[in-house]
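These notes concern the structure reproduced below.
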DNA sequence: GAGAAATCTGACACCGGTATCCATGTCCGT
DNA sequence: ACGGACATGGATACCGGTGTCAGATTTCTC
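Protein chains in written order, with my numbering: chain S, 94 to 438; chain Z, 94 to 438.
Here it is in structure tokens:
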């Protein structure tokens, strides 16, 4: 038997007012917990609300209040796990508030990206938006949000300036620690699979890599750095280039787990033993890292925590968010698993 | 320098009307492409709109039209890749429409799940919602949607009835084919890591497994079926139980890729060679399947295609969606990769 | 050129909330 | 008993769109 969709009509504030024998405004006061209400009237109204199952219409509310309760998540991130981690962090905060989450992915690289976002912002006028890397690194985009008058928070891999509404991590330091770990294990030829050109996160992580090499007294060599675009496939291609070198690097740091997985894949294809023949370190600590075999040593990027913080900034009472943007810094830590060992020979 | 958020005021339909020297309604006609408009007036209004950058307020529109343009995605699925695949399929359809996507994850198992969903539906009154498995298998939930009067489409692993607004795949047949493939390779002891009890998808897939065994003249043994809950960790635990058996199964079919990855992980821990010592088949063909080593033979579940179809059903002009729910069936196919081989001894 | 028909346009009410502001009722001091 | 401070509640306008319907204009017909 078919399940039919009733064309039911939802009770409105007028129905409540009529049944309770009060005016709309009084009902509105009850809903909004106004303090200037007789306890008796309040109870009567509440009883009616409960009885007929009245729920305020958010669209009408939004119209009257000249604001809505939508938080936008704008991203161009191909990494499902990361996006979902962020969503989870966000929703944890949004749960039990009246806010709802609107997800708006955009085409990276598409020339109309800015127009797309502008249209989204102008149409929905979300209360606030959250910008995920890598698109969050785009200053023009941030300026667009500001111009339109939309609260925003950017998640990123480094402080961009004294005040850029940034919730950031310390990627450079974290990567430096990770590569140091490789050097300390005895590796002298440490390759890197870097992120795409023009991305702040890619830049920061590469800087960390180079600093660690310098600290360890190792030469920084162009050929040891292959570039990917944060996808598994690009990680494979980059790894192929690195593994074709002679002598082969004995370790490789990858700018994210996805590319590390690609590198591991290629190494396996070539019959290399991980970690004996090649040590691999990733970045992000998404679930793929611990699921791989061997489990991947990686930098844990506290993305869900950052998302929670960003959400709190967005919906916080702090109305000065725009005038006094505050940045927050989160610390990434190295998670040691089984994909790193001293070089074999 | 801080990026300031301007408290700008958006132009309204009244501004446009005043500047163009016409009435609100005429502007509304221009926006809605009403055919009964003098070309001249239309152009004048359009010019003003373009000049002052007018964008209609969706909240006001929603209020006046007594409907909005929000599509809800309700899910309790822990699998990030799958959820994102669905989101992608959905958004592909929603892009270039005026619909926006609201994501509303719920706590599986939480006792308040139905209340949570009810609150979401009553508050947001989305134009339509999409229910993802496993929560989509919950008939009570579907009835709730119908009761509230919200369009909905359920994605699932089998037809639930003659008309249940279902976009479904043929899991049973697909699994039968997959297990047949194992039997054809010469496996006689084929284990299964099943999904959680009470889930339709889990049931369908187990039925497919059992049918394949019967078809191949193999005994259906309780001990060869271990149960998981679709997570990596549960896959590990289930695999441990199966690999502890003596004699050990030489192949295992897993109800999803995530658990297959867990099984692969455990096999590796025990020093087994895949596929020589153990053949593994998964289900879903999420990206993890091709990223694993060895690449996983798996059933491709066309979830993004299904999501597109579901989205079209939701936003389609077809107003009878409620009265004449139509089901659609999608075919899953076996993707042969390297995790299956004939048994070694 | 007058009247009818077809075409366009605008005044007005309405969607379901909130804000403003004034009218009433209550309690108190004198 | 009267006036004023204070607490409470209601009438009304408004947010920014859309629907209705009547009136104005144009076009067509004879």
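The C-beta atom is built at its ideal place from N, Cα and C for all residues, glycine as well.
Check, Outcome
"Which ranges would you report for the alpha helix (DSSP H) in the stretch 249-277 of chain Z if only whole runs of at least 4 residues count?", "264-277"
"Which residues share a DSSP beta bridge with residue 320 of chain S?", "S/287"
"Return the chain-ordered list of same chain residues with a C-beta closer than 6 Å to the C-beta of residue 375 of chain Z, the five sequence neighbours on each side being excluded.", "347, 350, 353, 382, 389, 391"
"If we ignore side chains and look at the alpha-carbon of each, how far apart do residue 199 of chain S and residue 304 of chain Z end up?", "44 Å"
"Report the three-state DSSP secondary structure of residue 120 of chain Z (helix, strand or coil).", "helix"
"From the DSSP output, in three-state form, read off residue 222 of chain Z for me.", "strand"
"With 7 Å as the threshold, decide whether the Cβ of residue 148 of chain S is near any Cβ in chain Z.", "yes"
"Can at least three beta-carbon pairs, one atom from the stretch 420-434 of chain Z and one from the stretch 262-276 of chain Z, be found at a separation below 8 Å?", "yes"
"In its own chain, which residues sit with a C-beta less than 6 Å from the C-beta of residue 120 of chain S, not counting the 5 before and 5 after it?", "106, 109, 110, 138"
"What ranges does the alpha helix (DSSP H) occupy inside the stretch 119-149 of chain Z, keeping only unbroken runs of at least 4 residues that lie completely in it?", "132-145"
"On the three-pair Cβ rule with 8 Å, is the stretch 238-254 of chain Z touching the stretch 185-203 of chain Z?", "no"
"At the level of alpha carbons, what is the spacing between residue 339 of chain S and residue 289 of chain S?", "25 Å"
"On the premise that residue 264 of chain Z lies in contact with residue 307 of chain Z, defined as a C-beta separation below 8 Å, what is that separation, rounded to the nearest angstrom?", "So it is not a contact: roughly 17 Å between Cβ atoms."
"Around the C-beta of residue 414 of chain S, are 16 or more other C-beta atoms found within 10 angstroms, so that it is buried, or is it exposed?", "Note that residue 414 of chain S has pLDDT 43, beneath the 50 cutoff, so the model's placement of it is unreliable and the number below is only indicative. By the 10 Å Cβ count, residue 414 of chain S comes out buried."
"Taking residue 337 of chain S as the reference, which of S/323, S/319, S/325, S/252 has the closest Cα?", "S/319"
"Can you give the Cα-Cα distance for residue 283 of chain S and residue 324 of chain S, rounded to whole angstroms?", "21 Å"
"How about residue 429 of chain Z: is its C-beta nearer than 7 Å to some C-beta of chain S?", "no"
"Any C-beta of chain Z sitting closer than 7 Å to the C-beta of residue 195 of chain S?", "yes"
"May I ask you to check if the CB of residue 370 of chain S is nearer than 6 Å to at least one heavy atom of the ligand GTP?", "Inclusion of the ligand GTP in the displayed structure is not the case, the ligand content being empty and no account of it being possible."
"Would you grab the beta carbon distance between residue 444 of chain S and residue 182 of chain S for me? Rounded to a whole angstrom, and I think it's under 8 Å.", "Any question about residue 444 of chain S goes unanswered here, given that chain S covers just 94 to 438."
"Just to make sure I have the definition right: I need the residues of chain S whose C-beta is within less than 9 Å of the C-beta of residue 128 of chain Z. Which are they?", "Chain S residues near residue 128 of chain Z: none, gap ~24 Å exceeds 9 Å."
"If you run the structure through DSSP and keep just helix, strand and coil, what is residue 337 of chain S?", "helix"
"Closer than 7 Å by beta-carbon distance: list the chain Z residues that pair up with residue 384 of chain S, in chain order.", "325, 354, 358"
"What three-state label does DSSP hand residue 243 of chain Z in the structure shown?", "coil"
"For residue 416 of chain Z and residue 225 of chain Z, what's the separation of their Cα atoms in angstroms?", "Because residue 416 of chain Z carries a pLDDT of 41, less than 50, the predicted location of this residue cannot be relied on, and no value is offered for it."
"Does the beta carbon of residue 216 of chain S come closer than 7 Å to any beta carbon on chain Z?", "yes"
"Would you list the residues sitting across from residue 193 of chain S in a DSSP beta bridge?", "S/163"
"Determine the closest residue to residue 168 of chain Z out of Z/154, Z/158, Z/210, with distance taken between C-alpha atoms.", "Z/210"
"Considering Cα atoms alone, identify which of Z/253, Z/112, Z/287 is closest to residue 232 of chain Z.", "Z/253"
"Quick check on this structure: which residue in Z/313, Z/151, Z/117 has the alpha carbon closest to the alpha carbon of residue 58 of chain Z?", "The structure shown does not extend to residue 58 of chain Z, since chain Z spans only 94 to 438, so no value can be given for it."
"Can at least three beta-carbon pairs, one atom from the stretch 138-152 of chain S and one from the stretch 149-165 of chain Z, be found at a separation below 8 Å?", "yes"
"Excluding sequence positions up to five away, which residues of its chain have a Cβ less than 6 Å from the Cβ of residue 267 of chain S?", "392, 425"
"Beta-carbon within less than 6 Å of residue 241 of chain S's beta-carbon, same chain only, minus the 5 sequence neighbours each way: which residues are those?", "214"
"Short of 7 Å in beta carbon distance, which residues of its chain neighbour residue 175 of chain S, apart from the five on each side in sequence? Order them along the chain.", "377, 379, 396"
"Do we get a CB-CB distance below 7 Å when we pair residue 174 of chain Z with the residues of chain S?", "yes"
"Specify the secondary structure class of residue 280 of chain S as computed by DSSP and reduced to three states.", "coil"
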